[in-house]
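S.K.: Okay, here's the structure, questions in a sec.
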Amino acid sequence: MEPTMVRQLWQLIEPVHALVYYAPELTEEAATLGLATDERWPGYFALRSAPLGAAGPELVTATYYSFSPRMVAEYVPAVWSVADPAKVLDARLSGMDRTLRALLGDRVDSPELTEAAALARRAAQAADLAGRPLAAANADLPWPDAPHLALWQAATILREHRGDGHVAALLTAGLDPTEALVSFAAVGAAPVEVFASRRWTDEEWAAARDRLAARGLVDAAGLATDAGHRLRDEVERRTDDLAAAPWRALGPAVGRFAQLVAPLTGAVVASGLLPMQSTLGIRRPQ
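Mapping of the sequence shown onto this note's numbering: residues 39 to 324, in sequence order.
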């Protein structure tokens with residue numbers, strides 16, 4: 039499978055998965071659980087980490103990779119004293135049910151969505167989970183009966199499968215968490231401001247840039263050199279390679295899956311609920 043196709047398939051499912059962090063229905067569910075909603079992070083850490091159980095800050099920091107450990111420790115394990123992980127998992131399914139029904143209307147019960155869900159589940163169940171903790175944690179959850187929720191769960195497994203592989207690619211490239219973000223900004227894939235939410239200090243950011251400069255990966259202005267561009271290209275290529283197997287398992291049906299999911303992705307993007315930047319390799323579709 040061509041790397042460009044693997045990346046395009048990710049672009050199709052990433053917005054569907056990401057609704058869990060931005061849809062107002064999920065914010066309402068978080069508030070019902072007692073989580074603070076004046077900022078997005080209590081809900082984000084709870085919703086994303088819940089499949090791991092009552093994970094501590096070291097585990098969450100390790101699996102998320104690019105967040106400052108100090109930031110993670112602000113929210114984890116505090117969120118579990120407010121909302122048990124099992125209740126968070128119920129809340130995120132309830133919120134996604136409401137969200138997708140609002141976005142899709144009558145299409146939520148369509149044969150096309152049922153077919154898309156079956157193909158997505160087939161791909162997700164073909165994923166090799168060895169060394170992929172976030173994908174494995176989501177794959178270990180019961181499958182919802184409703185097709186639109188099964189589709190969302192499959193998209194989540196596939197997204198985290200790619201994310202786990204992206205971490206492996208960064209490690210192979212010798213890019214630590216801060217360097218991963220600095221190098222991503224250095225190639226112009228996203229403004230530096232996008233990464234402020236990860237809460238690395240200016241000193242930590244500058245130190246990472248100095249380490250990259252010492253390797254000849256960025257210049258004095260913090261922009262990627264030719265070597266820096268080549269290294270980031272290699273990270274993206276390896277990420278695509280590591281994400282390919284589940285899609286390859288669909289065989290010729292992968293085209294049909296893309297055709298079926300495209301209208302849902304279009305509805306998500308048109309809703310305006312999501313930011314257009316992703317730190318998982320490349321931009322989401324505009």
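We put the beta carbon where it would ideally sit given N, CA and C, even for glycine.
Would you call the region 215-229 in contact with the region 260-275, where contact means no fewer than 3 C-beta pairs closer than 8 angstroms?
M.R.: They touch, by the three-pair rule.
S.K.: Looking at T101 and P171, is the spacing between their C-beta atoms short of 8 angstroms?
M.R.: A contact, by the Cβ cut-off of 8 angstroms.
S.K.: Would you kindly report the start and end of the unbroken alpha helix (DSSP H) that includes S119?
M.R.: S119 -> alpha helix (DSSP H) spans A116 to V120.
S.K.: So H199 and P107 are in contact, right, with Cβ under 8 angstroms, and what is the actual spacing, rounded?
M.R.: The pair is not a contact, with the Cβ atoms about 24 angstroms apart (cut-off 8 angstroms).
S.K.: I need the DSSP call for V299, collapsed to helix, strand or coil.
M.R.: Reduced to three states, the DSSP call for V299 is helix.
S.K.: Considering only the alpha carbon of each residue, which of R236, L213 and M109 lies closest to V256?
M.R.: Checking every option, the nearest Cα to that of V256 belongs to L213.
S.K.: Note the first and the last residue of the continuous alpha helix (DSSP H) segment covering L47.
M.R.: Its alpha helix (DSSP H) spans residues P41 to Y60.
S.K.: Short check: CB of A121 to CB of L90, under 8 angstroms?
M.R.: Cβ atoms of A121 and L90: not closer than 8 angstroms.
S.K.: According to DSSP, simplified to helix, strand and coil, what is A84?
M.R.: In this structure, A84 counts as helix in the three-state DSSP scheme.
S.K.: Of the residues L219, L196, A206 and L50, which one's Cα is nearest the Cα of A234?
M.R.: Checking every option, the nearest Cα to that of A234 belongs to L219.
S.K.: From L288 to R253, what distance separates their C-alpha atoms?
M.R.: Their backbone Cα atoms lie some 41 angstroms apart in a straight line.
S.K.: Measuring only from the beta carbon, is G133 closer than 7 angstroms to any heavy atom that is part of the ligand COA?
M.R.: Although the ligand COA was asked about, the structure shown includes no ligands whatsoever.
S.K.: Across which residues does DSSP place A140 in a beta bridge pair?
M.R.: In the DSSP output, where bridge partners are listed per residue, A140 has none listed.
S.K.: So, with DSSP's three-state summary, where would you put V225?
M.R.: V225: coil per DSSP, three-state reduction.
S.K.: Which same chain residues end up closer than 8 angstroms to E217 when comparing Cβ atoms and leaving out the 5 residues on each side of it in sequence?
M.R.: Around E217: A246, R249 and L250.
S.K.: Can you tell me whether G319 is buried or exposed? The criterion is at least 16 other CB atoms within 10 Å of its CB, across all chains shown.
M.R.: Model confidence at G319 stands at a pLDDT of 41, short of 50, so the residue's coordinates are unreliable and nothing is read from them.
S.K.: Should A265 go down as buried or exposed, given a rule of 16 or more other Cβ atoms within 10 Å for buried?
M.R.: A265 comes out exposed.
S.K.: May I have the straight-line CA-CA distance separating R21 from Q46, to the nearest angstrom?
M.R.: Nothing about residue 21 can be reported from this structure: the residues present for the chain run from 39 to 324 only.
S.K.: Run through DSSP, which three-state label would A188 get?
M.R.: Reduced to three states, the DSSP call for A188 is helix.
S.K.: Which residues in the same chain as G133 place their Cβ atom closer than 6 angstroms to its Cβ, once the five residues preceding and following it in sequence are excluded?
M.R.: If we look at G133 and ignore the five residues flanking it on each side, its Cβ neighbours are E63, L64 and E67.
S.K.: Three-state secondary structure (DSSP) at A251?
M.R.: Looking at A251 - three-state DSSP - the assignment turns out to be helix.
S.K.: For D135, which residues from the same chain have a beta carbon less than 8 angstroms from its beta carbon, with the 5 sequence-adjacent residues on both sides left out?
M.R.: Closer than 8 angstroms at the Cβ level, and outside the excluded window around D135, lie A184, H186 and L187.
S.K.: Taking its Cβ as the centre, do 16 or more other Cβ atoms sit within 10 Å of T87, making it buried, or is it exposed?
M.R.: This sequence places Ser at residue 87; Thr is not what is there. When all chains shown are included, S87 counts as buried.
S.K.: If you check the beta carbons only, do P53 and L312 fall under 8 angstroms apart?
M.R.: Yes. Within cutoff.
S.K.: Three-state secondary structure (DSSP) at A74?
M.R.: Reduced to three states, the DSSP call for A74 is coil.
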